[in-house]
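Presented below is the structure to which this report refers.
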Amino acid sequence: MAKPSGPILLSVPAVAEGQRLDNFLLRQLKGVPRSLVYRLVRKGAIRVNGRRVRVERRVSGGDEIRVPPLDRPADGGAETPVHVPDGVLRLLRAGIIHEDDDYLVLDKPAGLAVHGGSGLSFGIIEAARLLRPGEPLELGHRLDRETSGCLVLTKSRRGLQAFHEALRAGHVAKRYLALVAGRWQGPPRRCDLPIAQERDGTGRRRMRAVAQSDAATARSAISLFTPVEPYGQFTLVAVDIGTGRTHQIRVHGGALGHPVAGDHDYGNPEANRTARAAGLQRMFLHAQSIRFPDWQGEERLYSAPLPDDLQDVLQTLAEGGR
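Per the numbering used here, numbering through the sequence shown is continuous, rising by one, with the last residue being 303.
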């Protein structure tokens, strides 16, 4: 590594409008570890227009970003090659739902993070860029590592900008399938509790639902839970969300008294043990479909079937009696 250079001042061009801060920085700061970029943003060492920001902030054309002195690679900034196992690449190829000049829609496998960092050398986006070298692939949105199902990647600036504009305007409709603890009583229920972020005793980020009166620092969120079918002491539900807050369905499900099966952060330990005995090896949450307008205003709708591992859990629970 070379000696640290001086502070870096980056000006966001108009074509980068709408990109997440982390994605913009990683493309500009070639060779700088993702974990370092995230740490500097969290500490407030990287500032946008003189202010502290979060990594998920969307940049705007003309924004001025100040980056502190960094150790730069001695070779002038070449990126360290990302190694992705051939099995993962085959899995992603088989999971392509749709592809055109603007969008690549994947049936994301459970167990893969959407991007590298925090000890992960690669994620879906890094692997996808190996499948489509030279193309400007970006994540349209995110899914939790354990969540399977529809994930939209963009392949053009117009596709990315249109998707992010639709997200901001609430025009992206997502439907999930979740197995929740407890027998659902009554009709569908809507949860509109805002979601706030906090840190637990170990410093890990956790989300919690708060009352509307305490929502000054929380973010609005709306989830509609519709019961589909009971399975023993669980219920399969469809969840429609217009917002996409971190851990939204998991937090709202818990607030309604029906936490997601297999959720070790917000779930019910006894219910999780029962689900594990039925073969559940991960959180039972699947992004079944996504609908959004493309850059031409045409509606796009994509869906992904419930994967075999979750189908097997339902069958085992059904055989145990409903």
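C-beta: ideal position from N, C-alpha, C; glycine also.
Between residue i and residue j, what straight-line distance do the alpha-carbon atoms span, to the nearest angstrom?
i: E279; j: A147; result: 12 Å
i: D244; j: V232; result: 10 Å
i: A154; j: L298; result: 30 Å
i: G12; j: A199; result: 35 Å
i: A59; j: L51; result: For A59, the pLDDT reaches just 47, beneath the cut-off of 50, and the residue's location in the model is therefore unreliable, although a value from the coordinates is still provided. Looking at the two C-alpha atoms, the distance is approximately 15 Å.
i: D83; j: Q277; result: 11 Å
i: C172; j: S270; result: 20 Å
i: Q296; j: V218; result: 16 Å
i: V22; j: R32; result: 11 Å
i: L237; j: H64; result: 42 Å
i: P288; j: L158; result: 11 Å
i: V18; j: I222; result: 30 Å
i: I105; j: P66; result: 12 Å
i: R149; j: G140; result: 14 Å
i: V191; j: R20; result: 27 Å
i: Q178; j: Q229; result: 11 Å
i: R254; j: L124; result: 24 Å
i: L72; j: F103; result: 15 Å
i: A258; j: G301; result: 11 Å
i: L134; j: L120; result: 5 Å
i: R35; j: D44; result: 14 Å
i: G234; j: I77; result: 30 Å
i: Y247; j: D81; result: 38 Å
Please go through the same chain and pick out, in chain order, the residues whose beta-carbon is closer than 8 Å to the beta-carbon of residue i, but skip the five residues on each side of it.
i: V40; result: V(-7), A(-3), E(-2), G(-1), Q0, R1, L2, F5, V29, I46
i: A252; result: A162, G163, Q214, F215, P240, A242
i: Q9; result: L(-9)
i: E37; result: R1, L2, D3
i: R263; result: A91, G92, E127, G243, D290
i: Q142; result: E(-2), G(-1), W276
i: R138; result: V(-4), P117
So, at 7 Å on beta carbons, what are the nonlocal neighbours of residue i in its own chain, with the 5 sequence-adjacent residues on each side left out?
i: N249; result: A162, P240
i: F273; result: F144, A147, H152, V153, R281
i: L291; result: F265, H267
i: D293; result: G260
i: E116; result: K136
Using a Cβ-Cβ cutoff of less than 6 Å, which residues in the same chain neighbour residue i once the five nearest sequence positions on both sides are dropped?
i: A285; result: D88, G130, C131
i: V48; result: I(-11), I27
i: T227; result: M188
i: A256; result: A242, G243
i: G68; result: none
Less than 8 Å separating the beta-carbons of residue i and residue j?
i: R180; j: R186; result: yes
i: P168; j: L205; result: no
i: A(-5); j: G42; result: yes
i: P208; j: W165; result: yes
i: Y283; j: H79; result: yes
i: P175; j: Q193; result: yes
Can you tell me the Cβ-Cβ gap for residue i and residue j, rounded? I've got them flagged as a contact below 8 Å.
i: A75; j: R126; result: The Cβ separation is near 19 Å, so there is no contact.
i: V220; j: R156; result: 7 Å
i: L160; j: L112; result: Contact doesn't hold; Cβ gap of about 31 Å is too wide.
i: T224; j: A202; result: 5 Å
i: D118; j: A109; result: Sequence check: residue 118 is Leu here, not Asp. With a Cβ gap of about 5 Å, L118 and A109 count as contacting.
| Hey, which unbroken runs of the beta strand (DSSP E) at 3 residues or more fall wholly within the stretch 194 to 267? | The stretch 194 to 267 is shown to contain whole beta strand (DSSP E) runs of 3 or more residues at 204 to 212, 215 to 222, in chain order.
Subject >> Complete runs of the beta strand (DSSP E) confined to the stretch 86 to 163 [at least 3 residues] >> reply: Fully enclosed beta strand (DSSP E) runs of 3 or longer: 129 to 135, 154 to 162.
Check your understanding: Can you list the beta strand (DSSP E) stretches of 3 or more residues lying completely in the stretch 60 to 86, in chain order?
Key -> Here the runs fully enclosed are 77 to 80.
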